[in-house]
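Below is one structure, written out as structure tokens, with a few remarks after it.
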Amino acid sequence: MSAVEDAIRSRDGIVEPPRTRARAGRRFVANRGAVAGSVLLFTLAILCWVGPWFLESPTSLDLDATLEPPSAEHWLGTDALGRDMLSRVLVAGRSSLGIALAVAVGASAIGTAVGVVAGYRGGMLDGILMSVTDLWLVLPALPVLAVAASIGVVDLPGPLPALDLSGSVGVAVVLMLLLWSVTARVVRATARSVRERAFVGAARAAGARPRSIMARHVMPHCLGPILVEGALLAAGAILLESTLSFLGFGVQPPTPTWGNLLDGALGNLQHAWWLAVFPGLAIFLAVLSIYTISDGLRDAFDPRRA
Amino acid sequence: MTARLVVDGLTVDVRTEHGTARVVDDVSFTVEPGECVAIVGESGAGKTLTARAVLGLLPRGATIVAGEVHWRDRDLARTDARSRRGMLGSEIAYVPQEPALDPVMRIGKQLVEAMRVHGVRAGDARRRAPGLLSAVGIADASRRLRSYPHQLSGGMQQRVMVALALANDPELVIADEPTTGLDVITQTQVLELLERLRHAEGRSLLLVTHDLGVVAGVADRVLVMYAGRIVEESRAEVLFARPRHPYTAGLLGAVPRLGDRRDALRAIPGAAPQPGRLPVGCVFHPRCRYAEPSCLVLAPRLDPVDADTRVACIRVDAIQDAVARWVQR
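Respectively, the protein sequence lines represent chains A and B.
The end of the first sequence is residue 332 by my numbering, with every number in the run present.
The end of the second sequence is residue 332 by my numbering, with every number in the run present.
Structure below.
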């Protein structure tokens, strides 16, 4: 029993239960599925970033060895232009996982800001922010993304570089702007309950500004839901990007992503199964591992088990 | 120089499903520099709302509809949020009923934050924090600064609340039932602490409580509230020795004494009226053993009966001997 160990370890014998976040961390580590998922995702990421250094370039053509099935030389076979599929899948993972991470962080940040402000401030501001959020929730993602991709390059104000909506960065930005609304909803609900707690009233009575109450007291208490939703956002981003690229709207070749590899596989699907199976497997493994991580986070932060 | 708090005609309404209820009605009092004033009354008498109205921290639905709260050159009933924030915690500090510490923030961080809110630099605040904990009687302060709230006992958490209130050296401390959740020994310690800090630094203290023992221990002056009004105000010794209002007498009489052989407590008959459904005339008349027909129509004003005491009862002269005898019994 860890609680007993803590009691023994503490210097003066007073039972000092471990603190909330450390406890959440410990419960996460005790969750086998979550740990397996984390290891899998981490391995996948390392392979994607390190692996290609030891392989043939994903763009080097070999027209004498097109559409070769998996072999000792090309573990995952070659595509219609004789490019090594292993190398292509791994390099594609950099885009796909990079987009997933960027979307998880960016959309969480937007959603958290909107949710905390709406939940803490309440009143009319809450009404306005939540109406916008609801509007965003019902926005059909694919058509919006398709339209965004067809716009192509947009000029940003000031010193910002032009943004190519059909590049990795552009797709990540569009997904970020599209997916923050669920986080905003969840964070708002938590913030509303945190707002009623005594320490928030005490902070107000001590003259703290609303901004600092939100940042220092309300936001940290929403961390659990933010992390859980963040993981789901990462998985959702991978799936959406794949769907989009598969339909031809997402990140455009030659930059490989798991989605546009699948798109490229379409023409040769009958006689070259490896073109579709391995990018699909990569998507499957990435999304599965992220889901188990999200599950583990949810259980670890569940107040009923805290 | 410590300022004087002057509350004049404070009136607070609360919106409910059934309409508007007056929960604080024409309450006036002062807290002189260095003085301890206690507001006593049953639950729902309006004492907490009075304190919160002074702080400008009324719950949603409650609004100040009349009256003024003078502090320095400002009327706190009408000041804007920004200047109120500048004053809360630094000039007037609040000790809530229950310890209200952020469970995921270390004690030291919370103390430092309380000071930084009022412009103290982080380094200075960190240097001052251990002294604050020592001042409220917490041993091993530097280790406790690294503790999380749940690692402290309830009494210790309430001491931290006092330390937080004192962090910016306020002139007036408003404490709302600061000892309610604590055991008797800890209660005494917290009260002694408040008392010591008041005398040492010349602070004023406005104490909200339903516990007459607490009042007897520390208060200079006592306001007795009933159904949103002050029914009696007096110096503490005078009030305990010679209550004038039948309600005050009932409160004092209801406190069981050691060695009392009676089986039943001497409760005040009836229940406190619901806000919004107050009786006409004197609000206390349905429960008053001395009520006569005029009490049902005439609402008494809080008038002075002598230099120390103000009482809201139209029959105060007629019944004073009977009240005194009843309390002695």
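Yeah, the Cβ is synthetic: ideal placement off N, Cα and C, and Gly gets one too.
The model shown is predicted, which means the values in this text are computed figures rather than measured ones.
Rounded separation between residue i and residue j - CA only
| i | j | result |
| --- | --- | --- |
| residue 140 of chain B | residue 162 of chain B | 8 Å |
| residue 57 of chain B | residue 80 of chain B | 7 Å |
| residue 107 of chain A | residue 298 of chain A | 13 Å |
| residue 43 of chain A | residue 110 of chain B | The predicted model places residue 43 of chain A with a pLDDT of 45, which falls under 50 and marks its position as unreliable, so this point remains unresolved. |
| residue 333 of chain B | residue 84 of chain B | As shown, chain B starts at 4 and ends at 332. That puts residue 333 of chain B outside it, with no answer to give. |
| residue 243 of chain A | residue 151 of chain B | 14 Å |
| residue 210 of chain B | residue 166 of chain B | 16 Å |
| residue 290 of chain B | residue 219 of chain B | 25 Å |
| residue 221 of chain B | residue 229 of chain A | 27 Å |
| residue 72 of chain B | residue 10 of chain B | 4 Å |
| residue 284 of chain B | residue 30 of chain B | 17 Å |
| residue 319 of chain B | residue 269 of chain B | 22 Å |
| residue 112 of chain B | residue 142 of chain B | 18 Å |
| residue 298 of chain B | residue 315 of chain B | 11 Å |
| residue 201 of chain A | residue 163 of chain A | 13 Å |
| residue 179 of chain A | residue 238 of chain A | 38 Å |
| residue 311 of chain B | residue 42 of chain B | 16 Å |
| residue 174 of chain B | residue 288 of chain B | 39 Å |
| residue 164 of chain B | residue 192 of chain B | 14 Å |
| residue 294 of chain B | residue 250 of chain B | 12 Å |
| residue 177 of chain A | residue 251 of chain A | 34 Å |
| residue 17 of chain B | residue 64 of chain B | 5 Å |
| residue 277 of chain B | residue 54 of chain A | 50 Å |
| residue 314 of chain A | residue 98 of chain A | 28 Å |
| residue 328 of chain B | residue 286 of chain B | 23 Å |
| residue 332 of chain A | residue 186 of chain A | Below a pLDDT of 50, predicted positions are generally treated as unreliable, and residue 332 of chain A, at 46, falls in that range; the measurement from the model is reported next regardless. When rounded, the distance between both Cα atoms is 45 Å. |
Endpoints, the beta strand (DSSP E) within which residue i is located
| i | result |
| --- | --- |
| residue 22 of chain B | 22–34 |
| residue 202 of chain B | Careful: residue 202 of chain B lies outside any beta strand (DSSP E), inside the alpha helix (DSSP H) at 187–204. |
| residue 74 of chain B | 65–74 |
| residue 240 of chain A | Run containing residue 240 of chain A: none; DSSP gives neither H nor E here. |
| residue 39 of chain B | 39–43 |
| residue 230 of chain B | Looking at the DSSP string, residue 230 of chain B is not in any beta strand (DSSP E), and its letter there is neither H nor E. |
| residue 98 of chain B | 95–98 |
Cβ-Cβ distance between residue i and residue j below 7 Å
| i | j | result |
| --- | --- | --- |
| residue 159 of chain B | residue 50 of chain B | no |
| residue 318 of chain A | residue 119 of chain A | no |
| residue 274 of chain A | residue 285 of chain A | no |
| residue 175 of chain A | residue 191 of chain A | yes |
| residue 246 of chain A | residue 107 of chain B | yes |
| residue 74 of chain B | residue 138 of chain B | no |
| residue 70 of chain B | residue 12 of chain B | yes |
| residue 233 of chain A | residue 91 of chain B | yes |
| residue 168 of chain B | residue 96 of chain B | yes |
| residue 258 of chain A | residue 157 of chain A | no |
| residue 326 of chain B | residue 252 of chain B | yes |
| residue 218 of chain A | residue 145 of chain A | yes |
| residue 181 of chain B | residue 68 of chain B | no |
| residue 231 of chain B | residue 34 of chain B | no |
| residue 102 of chain A | residue 300 of chain A | yes |
| residue 317 of chain B | residue 303 of chain B | yes |
| residue 155 of chain B | residue 132 of chain B | no |
| residue 122 of chain A | residue 256 of chain A | no |
| residue 177 of chain B | residue 54 of chain B | yes |
| residue 291 of chain A | residue 308 of chain A | no |
Whole-angstrom C-beta distance between residue j and residue i, which should lie under 8 Å
| i | j | result |
| --- | --- | --- |
| residue 216 of chain B | residue 330 of chain B | With a Cβ gap of about 16 Å, residue 216 of chain B and residue 330 of chain B do not count as contacting. |
| residue 129 of chain A | residue 263 of chain A | 4 Å |
| residue 312 of chain A | residue 73 of chain A | 11 Å between Cβ atoms; not a contact. |
| residue 281 of chain A | residue 193 of chain A | 7 Å |
| residue 204 of chain A | residue 265 of chain A | Rounded, the Cβ-Cβ distance is 13 Å, inconsistent with contact. |
| residue 44 of chain B | residue 213 of chain B | 7 Å |
| residue 94 of chain B | residue 224 of chain B | Not confirmed; about 21 Å, so no contact. |
Terminal residues of the alpha helix (DSSP H) in which residue i lies
| i | result |
| --- | --- |
| residue 253 of chain A | 249–272 |
| residue 118 of chain B | 110–119 |
| residue 134 of chain B | 125–138 |
| residue 3 of chain B | Given a span of 4 to 332 for chain B in the structure shown, any question on residue 3 of chain B remains unanswerable. |
| residue 386 of chain B | Outside the shown range of chain B, which is 4 to 332, sits residue 386 of chain B, and nothing can be said about it. |
| residue 123 of chain A | 111–147 |
| residue 146 of chain B | 144–147 |
| residue 167 of chain B | 157–169 |
| residue 67 of chain A | 58–76 |
| residue 344 of chain B | The structure shown does not extend to residue 344 of chain B, since chain B spans only 4 to 332, so no value can be given for it. |
For the stretch 125–141 of chain A and the stretch 203–216 of chain A, state whether three or more C-beta atom pairs, one from each stretch, are separated by less than 8 Å.
-> yes
Should the stretch 164–176 of chain A be regarded as contacting the stretch 267–281 of chain A, the criterion being three or more beta carbon pairs within less than 8 Å?
-> Counting C-beta pairs closer than 8 Å gives three or more between the stretch 164–176 of chain A and the stretch 267–281 of chain A, which meets the contact rule.
Using 8 Å as the threshold, is the stretch 71–84 of chain A in touch with the stretch 96–113 of chain A, meaning 3 or more CB pairs across them?
-> yes
Is it true that the stretch 17–24 of chain B meets the stretch 320–328 of chain A, where meeting means three or more beta-carbon pairs spaced less than 8 Å apart?
-> no
Examine the Cβ distances between the stretch 233–252 of chain B and the stretch 201–210 of chain B and report whether three or more of them are shorter than 8 Å.
-> no
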